[in-house]
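> Input: one structure, supplied below.
6 protein chains.
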Amino acid sequence: MIIDCHGHVSPPAELWAYKASILSHRGEHGRRINEITDAEILHYANKVEMAPCGHMDMLHRVGTDMQMLSPRPFQMMHSMKPNRVVHWFTEETNNIIARQTQLFPKTFRGVCGLPQSPGISPKDCLPYLEKCVKEQGFVGCLINPDPGEGGGSQTPPLGDRYWYPLYEKLCELDIVGHIHSAGCRSDRLSYSLHFINEESIAVVSLLNSSVFKDFPKLKIVMSHGGGAIPYQYGRFEASSIRQGRERFSDRMRNLYYDTVLYSADALALLFKTVGADRCMFGTERPGIGTVKDPKTGKWLDETRHIIESFEWLSAAEKKMIFEDTAKKVFKIEA
Amino acid sequence: MIIDCHGHVSPPAELWAYKASILSHRGEHGRRINEITDAEILHYANKVEMAPCGHMDMLHRVGTDMQMLSPRPFQMMHSMKPNRVVHWFTEETNNIIARQTQLFPKTFRGVCGLPQSPGISPKDCLPYLEKCVKEQGFVGCLINPDPGEGGGSQTPPLGDRYWYPLYEKLCELDIVGHIHSAGCRSDRLSYSLHFINEESIAVVSLLNSSVFKDFPKLKIVMSHGGGAIPYQYGRFEASSIRQGRERFSDRMRNLYYDTVLYSADALALLFKTVGADRCMFGTERPGIGTVKDPKTGKWLDETRHIIESFEWLSAAEKKMIFEDTAKKVFKIEA
Amino acid sequence: MIIDCHGHVSPPAELWAYKASILSHRGEHGRRINEITDAEILHYANKVEMAPCGHMDMLHRVGTDMQMLSPRPFQMMHSMKPNRVVHWFTEETNNIIARQTQLFPKTFRGVCGLPQSPGISPKDCLPYLEKCVKEQGFVGCLINPDPGEGGGSQTPPLGDRYWYPLYEKLCELDIVGHIHSAGCRSDRLSYSLHFINEESIAVVSLLNSSVFKDFPKLKIVMSHGGGAIPYQYGRFEASSIRQGRERFSDRMRNLYYDTVLYSADALALLFKTVGADRCMFGTERPGIGTVKDPKTGKWLDETRHIIESFEWLSAAEKKMIFEDTAKKVFKIEA
Amino acid sequence: MIIDCHGHVSPPAELWAYKASILSHRGEHGRRINEITDAEILHYANKVEMAPCGHMDMLHRVGTDMQMLSPRPFQMMHSMKPNRVVHWFTEETNNIIARQTQLFPKTFRGVCGLPQSPGISPKDCLPYLEKCVKEQGFVGCLINPDPGEGGGSQTPPLGDRYWYPLYEKLCELDIVGHIHSAGCRSDRLSYSLHFINEESIAVVSLLNSSVFKDFPKLKIVMSHGGGAIPYQYGRFEASSIRQGRERFSDRMRNLYYDTVLYSADALALLFKTVGADRCMFGTERPGIGTVKDPKTGKWLDETRHIIESFEWLSAAEKKMIFEDTAKKVFKIEA
Amino acid sequence: MIIDCHGHVSPPAELWAYKASILSHRGEHGRRINEITDAEILHYANKVEMAPCGHMDMLHRVGTDMQMLSPRPFQMMHSMKPNRVVHWFTEETNNIIARQTQLFPKTFRGVCGLPQSPGISPKDCLPYLEKCVKEQGFVGCLINPDPGEGGGSQTPPLGDRYWYPLYEKLCELDIVGHIHSAGCRSDRLSYSLHFINEESIAVVSLLNSSVFKDFPKLKIVMSHGGGAIPYQYGRFEASSIRQGRERFSDRMRNLYYDTVLYSADALALLFKTVGADRCMFGTERPGIGTVKDPKTGKWLDETRHIIESFEWLSAAEKKMIFEDTAKKVFKIEA
Amino acid sequence: MIIDCHGHVSPPAELWAYKASILSHRGEHGRRINEITDAEILHYANKVEMAPCGHMDMLHRVGTDMQMLSPRPFQMMHSMKPNRVVHWFTEETNNIIARQTQLFPKTFRGVCGLPQSPGISPKDCLPYLEKCVKEQGFVGCLINPDPGEGGGSQTPPLGDRYWYPLYEKLCELDIVGHIHSAGCRSDRLSYSLHFINEESIAVVSLLNSSVFKDFPKLKIVMSHGGGAIPYQYGRFEASSIRQGRERFSDRMRNLYYDTVLYSADALALLFKTVGADRCMFGTERPGIGTVKDPKTGKWLDETRHIIESFEWLSAAEKKMIFEDTAKKVFKIEA
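Residue numbers (the numbering used here), protein chains in the order written: chain L, 31 to 364; chain X, 31 to 364; chain U, 31 to 364; chain Z, 31 to 364; chain S, 31 to 364; chain F, 31 to 364.
Shown next, in the form of structure tokens:
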């Protein structure tokens, strides 16, 4: 069984029209969204948009059996005002995901978004998160370490006690926290690179803090193979040795990493650095990597065959990557 | 011959006392610095400080023949006010470097710092840079892509025309621009991780711009193996294919990368991704990696043997990495 | 013939999805918008959305023959960054309008939006405006007197010479400037009330300035019956008499006013205060007033019958309001 | 009996000299004000200043029997710092008013100002307000909905619970809250137009909130005929019908409106829109409208004859407007 | 003959009412000021206000023959917005002074205020200054080194080339620049102490600059005996000796100092430190020192007798202080 | 016996290198400081640096027997971020002072610095202060009235209750508070003049407050002879008489003043104004005044002979200045 732990929903266009509208009327027209039928959700779940086939076909073509489905992060606009608008849009997005997971119960599991806002404690999201899990069946949530979205408002890094109420709730609900920043308002870098930089900050801040001592059961998945850190870990290793702390490389194994990288060398580096048992297959497909490489004729996000071709990985390790770890972490019984 | 393209000066303590003082009197006591003798420079060039041996010995122990010597970046305080203080400290630091290269002509070549300030055009540094090269023999300069040091003031990224006067001067003087950020005033990450994130921004901004079309002879060295990008390049590759542009991976070869990474897998990834001919041996020794790994008994920044052990690199490629490329790029005739 | 001088386009949902996307990726995905077919434009021009019938039917039901069609202002997001995003969205919206006017040449004339931004001179919009008029046949443009959208950035009021390049171009092209603010980011009032307040500021600023002396041929239409001013003009009249200037009430006749008011008393006040010859029939239908009054069974924006019922207006005056003035001002030859 | 519910005090020049001084020394000279004698108050109450006759004569000439006297709003400088200065000036102004009402007990009743400051809860004004009412006999107070005076500091609108302590106290003391903004620091509009815009915001915010459900006995008088709203109420009516709420036009009757409008059509619109029973005669005389219209030879603020000439108003309604409602609302037993 | 080089005008209350009004309407009522008659000016020039006798009597009682008359600085509000208001108030104040000097030609000479604003070059004041001198006969002007009035906006200190256009004009017109700050918006100190601190900054900045080299004929009078500097000059002397510059104490003699100090020891210190030939008698009477000391029965600002009692001063020196220097500097021929 | 109540430590250069480093790494390298040996402390306590002899010799040459030793204020950088860095540097500086006082128990007593930060209550420093006194034997502490160092962040002045917890602790520990500002980030004045201005603010704020009524045993020493105030006290005396308060000159005797002034006239003024019994000999030697006057051949800070030469001071008064008051205030039993 192939489980893709990192996918984003393909919702009906009505959701985007809703976003466009509430961003502008700021709640003045009330919360209402035009009704979206199951038929529309089914249609858009496989509609041909930017690629030659739709979302479901995308998965089938590369043999993916199940995908963890979350909001499309760059669209989440956590830094927008007023907060109620962020709240509404997050909820409507999650609602679409929840319905889609019910319409395709074998294919999708839901990872919900949180209505984060810069300057507002993550604590405020917890009642809603609990509802998502208990009433809508979500098995994890996205966590944006920078709800200010690269703008002026700075949020404490993930190792800070600021985030403890969220970690406590994740443990209590026994669900996964998936680290993934959203938009980026800086003129210096795109949201896509901001993802990577924020992941590097998240890894270093979490591992240099006492979070995993205080929450030994916390399950955190780092997007995009952990930003720069598996490649750059040596400088942090050096500091940890100098300070006589547990080696940074050992602490790196407190996290899970998805494989949303699109080159064989990067994938190999990841497995060797953090251990195959801390990695979960992920593609973000359809997404940024959904483009055919003219040299190979393959999609860049079609990475399963790369991993399968690594002879130095055992079959058991490969099964861990493709299936077992995701099943354990996301509690998938199927 | 082994050339380390990335090393930072070990100056007399008097330079730090000078920094402490001018930061506080802000120029009120005038520019004067206590006299520093050649004997002191010689002494500190090999003084035992944080490590069991001094700078010169550090190099000898691992067989390094020559090192490019620049200011220690985290100390450079580009965001401090008033500007004259940054100017003075940069000049005094460069002066120490110039004297040290004269005292050890076989071992050191100088890469100067620039008195950059947020909000002030790099153009203003050019007359001084020219003097450094023509009068003091510097063969390159550090470029801080974020003189605001992670604070409120945002500088356009390196692909912006804001930096063109500097690139033009680098070409005219035929010297190297070495990308290396300095301090970091954010509470979210350390200066050390800020280096990495800024390098990622620098690589992407430069390669997505027309800088190398406009300055085909420009020589830019990326510190620390190019930040996250050799590991994460797949997502940028995908975008370039989608947009029908020259592949990002091909454009990556417009830059040079040092090998200041402290793990074999990372070094291998770098060579494979950008090509051995675009890499130059570098260690930052003595520096963050100058710590002995209790497992191996080796210094983490003692990476020469790792590279030498890569059987899939040819002898010619290794020679390029250790010697030839640096000689060509820095115009070392020795 | 009944001409409605104030209507906003009902575009395909794809336009809103485009807006949602570019606001988040900020241009990173490039400018591209999914193709929109004529069939889609035709479909949405009469799609049942918030009301029991579509846009075209809305007009037919109340006997409107022609409508001036402009972007829906609250969606225009002039204060968003970066500017290119505002530019793209404005252009794509105008493109839909231009195509719709071509598809329904008897029913629609286009009034384009301008890519205004706070802090950027309206001068920068002029080349684009010229293209809209000369290549796409627009007969007027919206002018947002507050592109900062009630946020921190304050734009000089319309009587300021800041706006002169725009007025000059309007005269040169002989087209109409239609004053209409866009969104409102303040927590104190909705965009809908902000329209009214901005119109009041616009009327007072224009009439207390020398704009109409300097541009005697300038054609400005005030939305929503001129904000508060026809009701409140007495206090400005008093000041003008005290200062020995031309009476404010006389100067009010330099402007045109649409009739987008939804009560008989307000309409009567408007005609009596500014003169029937300065008024043009307008409804914004479908829009905020498109709701049936349970008391009367009529749409609130179905105001034609009210005007027709005013016995104190002559037939010629009514024809001016419904047809002649719009034909003259917008140069409609049909 | 003719009661003018909206008049502002004509104080001795010493009060202005006091203001000029405390604004500059900011309290350094202490609170002291030069003694003002009853003779001076009497003198200035009828001194010829900007008009051909003094305040008392102004009233007599148009047959006004009684006037509610409050501070002159544009002078109140609520946004000035430090707060004590605002406090002192407000108190001294109220003291003059209180003395003037004692000197002319048949002619004046006092409406006090409040020492409001942006960012400071109206709760802080309540002990002083209570003193004004209980010790000095004030029958109402001005409420500035924008103590930031059009500057950077935004105060929640009047429907917000921020204002509840004030409403509670108004009910407890059974006095009137008279909505009237003060100065305006924006370069886009004058304080006089700011009055109108703030009244529009106040009406909409109050009526769209639950204030009158929570305080059914609250007595609020809107200045200047309610800003733009009686003219523009249609768009709010439409929203209320669409949302299935009580009609906006019905809710408008929760407020009282003064008749400080200077045209017959505007007065007629007001009475017809909100009902004669919700209106109180007011002139602000002497004030902005105290200028003779060369066409009619009448003062613009001489509006009593206009109202009396409305044949469609019954005598009882006229009596309500001129006398009964004010007596009831302000509890005037005379 | 006794000349008091530092006095401030006692204008009719109408000037303060004007200030109070324009600060609030911000120019909306136009520039007009109520007419002020010569009789009023004469009346207020000797009106009993805060002291037992009026301004003229104040001078006579202590035997002052002539006084330099300038605006009362703490009232000048240079930091207020909009600028036109500062401009108008400055001009009206100067107009009163000019008229008063014409009404009392033997007693008063005028020193005008400048319409300074933070962030606006002093250059902009020069045409007006020229008019004051050439048309109204002013013999000097006040210079506020801190038009930001202790608020957020910082103006370069007086030694900066920012002020050169003003110095050039002073030399060209051959008039005196009298350094005197105005209000102070800080909560940490009063305007009165701010005077002293700003004078200290002014003295040090001017003397450590090249102003007096570049303008050898510049005539600058320091208020209040030069702030702290005559008392604290030792630390600046030390720096000048260390740096090998002309002694600070010698450079201090480039300035003139008034004697607005209210103790014998302070006066003695001043004369001994800067030299009697650089001092001019001044009292600011009536002003802060106009209070009777219960111990001595004398006014604190009645300092003439103190100076006369200094036996160590020669008669010629005393005449310089009381008369000769002022005559020379202000070019008084009487 | 000669006691100098105002001296600053001459620490090993390692302390400055530490400062330079932590300012840049902001704590990332941990708190560690290189070991400083007693030998180094002894060496630097008498090292020849900017003057022809070292610190100890400096004292001996002028016959000083004992000196109160505190951190060198301009180096203390209270406004730097993050706070921990200020904390560490303050503590390490105090540690050097404590060790130096132990190494020279007859010569030095320690006055510690406090880790003040703008915006952080002085209350937070108290546990550390208590430790300094009880464990390290400090007999007083420096108090910086402006930890924002002339930058944007304003701290309430010393008369404000904000400082009461500190005063309470000073009384409880029975130690001295020595007022001395630190750096100055303004471009308008140097830190040295900022000392003076802040002392003036401190004196006026303390004496105009109720601090000495509320803390009658509080011992406060004003640096540099009390800023401008002994010279300028007349204007404050006038205000106190006008307001009927205790005379300012009497209240001035609540404070102690050091004699860090470098001219005979200034010293005389100080003694005469505040009384010899409120003055303590102080020189700041070696410091700003440690320069030889070519005219006299004496150091400017060699002021003992000046005081001794004042014939109008009694021997008892001189002993108070040089010895008795310091002994009493600092509780020196030697």
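The C-beta atom is built at its ideal place from N, Cα and C for all residues, glycine as well.
Every value quoted in this text rests on a predicted model; they were computed, and no experiment measured them.
1) Tell me which residues share the same chain as G317/U and place their Cβ nearer than 6 Å to its Cβ, disregarding the 5 neighbours each side in the sequence.
2) Any beta carbon of chain X sitting closer than 8 Å to that of A50/F?
3) Please give the ranges of any beta strand (DSSP E) in the region 271-302 of chain L, keeping only runs that are unbroken, at least 3 residues long and fully inside the region.
4) Compare the C-beta of G181/F against all C-beta atoms of chain S and say whether one is closer than 8 Å.
5) Taking the runs of the beta strand (DSSP E) that are 3 residues or longer, which of them lie wholly in the region 103-157 of chain X?
6) If the cut is a Cβ gap below 7 Å, which residues of chain S does F104/Z touch?
7) With a threshold of 8 Å between beta-carbons, can M310/U be considered close to chain L, or not?
8) Roughly how many angstroms lie between the CA atoms of M106/U and A50/U, to the nearest whole one?
9) Just checking: is the beta-carbon of S240/L within a distance shorter than 8 Å of some beta-carbon in chain X?
10) Taking 8 Å as the cut-off, decide whether the C-beta atoms of R265/F and G319/S are in contact.
11) Does the CB of D253/S have a neighbour CB from chain Z at under 8 Å?
12) Is M98/F helix, strand or coil when you go by DSSP?
13) Since V233/Z and M252/Z are thought to touch, with beta carbons under 8 Å apart, how far apart are those beta carbons, to the nearest angstrom?
14) Would you mind telling me which residues of chain B sit closer than 9 Å to G213/S, beta carbon to beta carbon, in chain order?
15) Under 7 Å, CB to CB, which of the residues in the region 281-307 of chain S have a partner in chain F?
16) Identify the contact partners of D217/Z in chain S, using a Cβ-Cβ distance below 9 Å as the criterion.
17) Tell me which residues of the region 121-141 of chain F have at least one Cβ-Cβ distance to chain X shorter than 9 Å, keeping chain order.
18) Does any C-beta atom of chain L lie closer than 8 Å to the C-beta of S222/U?
19) Which residue wins for smallest C-alpha separation from V169/Z, given the options H208/Z, D154/Z, N227/Z, P175/Z?
20) According to the Cβ coordinates, are F311/L and F360/L closer than 8 Å?
21) Please identify, using Cβ separations under 9 Å, the residues of the region 190-201 of chain U that lie next to chain L, in order along the chain.
22) Once DSSP output is grouped into helix, strand and coil, what is the label at W329/X?
23) So, at 6 Å on beta carbons, what are the nonlocal neighbours of T355/F in its own chain, with the 5 sequence-adjacent residues on each side left out?
24) Can you list, in chain order, the residues of its chain with a C-beta nearer than 6 Å to that of F26/X? Leave out the 5 residues immediately preceding and following it.
25) Just checking my contact of Y263/S with M282/S at CB under 8 Å: how many whole Å lie between their CB atoms?
26) Is the region 138-154 of chain U close to the region 93-109 of chain U, with three or more CB pairs under 8 Å?
27) Which residues bound the alpha helix (DSSP H) around H224/X?
Once the coordinates are examined:
1) Counting from 1 along the third sequence, the entry for residue 317/U is found at position 287. Closer than 6 Å at the Cβ level, and outside the excluded window around G317/U, lies no residue.
2) Within the sixth sequence, residue 50/F is the residue found at index 20, counting from 1. With 8 Å as the cut-off, A50/F counts as an interface residue toward chain X.
3) 286-288
4) Your numbering for residue 181/F matches position 151 in the sixth sequence. Not closer than 8 Å to any Cβ of chain S, the Cβ of G181/F fails to qualify, so no.
5) 138-142
6) Looking up residue 104/Z in the fourth sequence gives position 74. Here the neighbours are S54, H55.
7) To locate residue 310/U, count along the third sequence from 1; it is residue 280. Closer than 8 Å: no.
8) Start at 1 with the first residue of the third sequence, and residue 106/U comes out as number 76. Start at 1 with the first residue of the third sequence, and residue 50/U comes out as number 20. Roughly 12 Å separates the two Cα atoms.
9) Along the first sequence, read from residue 1 onward, the residue named residue 240/L stands at position 210. No, no contact with chain X.
10) In the sixth sequence, counting from the first residue as 1, residue 265/F sits at position 235. In the fifth sequence, counting from the first residue as 1, residue 319/S sits at position 289. Their beta carbons are under 8 Å apart, which means R265/F touches G319/S by this criterion.
11) Counted from its first residue, the fifth sequence places residue 253/S at position 223. The sequence given here has Ser at residue 253/S, not Asp. Not closer than 8 Å to any Cβ of chain Z, the Cβ of S253/S fails to qualify, so no.
12) In the sixth sequence, residue 98/F corresponds to position 68, counting from 1. In the structure shown, M98/F sits in a strand (DSSP, three-state: E or B).
13) The count along the fourth sequence starts at 1 and reaches residue 233/Z at position 203. The count along the fourth sequence starts at 1 and reaches residue 252/Z at position 222. Right, their Cβ atoms sit about 6 Å apart.
14) Absent from the structure is chain B; the protein chains it does hold are L, X, U, Z, S and F.
15) L291, Y292, S293, D295, A296, L299, K302, T303
16) If you number the fourth sequence from 1, residue 217/Z lands on position 187. In chain order: R56, K111, P112.
17) none
18) Locating residue 222/U in the third sequence gives position 192, counting from the first residue. Yes, S222/U counts as interfacial toward chain L.
19) Residue numbering aside, residue 169/Z sits at position 139 when the fourth sequence is read from its first letter. Out of H208/Z, D154/Z, N227/Z, P175/Z, H208/Z has the C-alpha closest to the C-alpha of V169/Z.
20) By one-based count along the first sequence, residue 311/L stands at place 281. By one-based count along the first sequence, residue 360/L stands at place 330. No. Outside cutoff.
21) none
22) Taking the second sequence and counting its residues from 1, the one referred to as residue 329/X is at position 299. Of the three classes helix, strand and coil, the one that applies to W329/X here is strand, per DSSP.
23) The count along the sixth sequence starts at 1 and reaches residue 355/F at position 325. Answer for T355/F: M310, listed in chain order.
24) This structure gives no information on residue 26/X, because the portion of chain X shown stretches from 31 to 364.
25) Start at 1 with the first residue of the fifth sequence, and residue 263/S comes out as number 233. Start at 1 with the first residue of the fifth sequence, and residue 282/S comes out as number 252. Yes, Y263/S and M282/S are in contact; Cβ-Cβ is about 7 Å, under 8 Å.
26) yes
27) Residue 224/X sits at position 194 when you count from the first residue of the second sequence. Element bounds for H224/X: 221-237.
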